[in-house]
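Worksheet: the structure to be examined is printed underneath.
In my numbering, the protein residues as written are 9 to 138.
And the structure:
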């Protein structure tokens with residue numbers, strides 16, 4: 009066996025398999041296995057499935073009480089990600105553009121919506137629509 013220090017290259021069963029495997033399947037050795045259902049049922053394991061609901065709420069709104077500061081942080085996070093993807097010659101410097109500010113605002117809006125509403129059938133939606 010390979011685990012006992014013998015060499016795999018010298019073992020023909022490893023490479024070719026047992027000799028009876030080359031014969032038609034009708035000539036393969038038969039095994040007489042009789043299954044006792046009582047023993048199988050005793051040995052059968054019960055499976056327990058546990059489901060938990062993990063709160064994936066984003067805590068970003070709780071970390072910063074100042075909305076303009078939160079917007080600026082999200083802007084700089086996006087700029088950092090963009091600069092990591094771009095080559096050195098195309099990195100962004102300077103002040104935040106209108107497009108970058110809009111992207112941060114949309115991101116924060118989506119986070120707030122995801123935290124507040126579960127879907128289009130949410131019972132809270134008619135209360136906000138008038």
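No residue lacks a Cβ here, since even glycine has one placed at the ideal position from N, Cα and C.
Here DSSP, grouped into helix, strand and coil, assigns residue 31 to coil. Relative to residue 77, the option among 23, 43, 113 and 21 whose CA is nearest is 113. Around the beta carbon of residue 106, a 10 Å sphere encloses fewer than 16 other beta carbons of the protein chains shown; the residue is thus reported as exposed. Bounds of the alpha helix (DSSP H) holding residue 49 are 45–51.
Taken through DSSP and simplified to helix, strand or coil, residue 115 comes out as helix. Cβ-Cβ distances below 7 Å link residue 90 to 100 in the same chain, with the five nearest sequence neighbours on each side left out; the list follows chain order. Ranked by how close their Cα comes to the Cα of residue 116, the residues 83, 59, 15 and 88 have 83 in first place. Annotation for residue 15: no alpha helix (DSSP H) segment contains it, and DSSP assigns it neither H nor E. Rounded to the nearest whole angstrom, the C-alpha separation of residue 119 and residue 48 is 52 Å. For the pair residue 28 and residue 36, the CB atoms are nearer than the 7 Å cut-off. Between the alpha carbons of residue 55 and residue 34 lies a distance of about 38 Å. Judged by DSSP in its simplified three-state form, residue 56 adopts coil rather than helix or strand.
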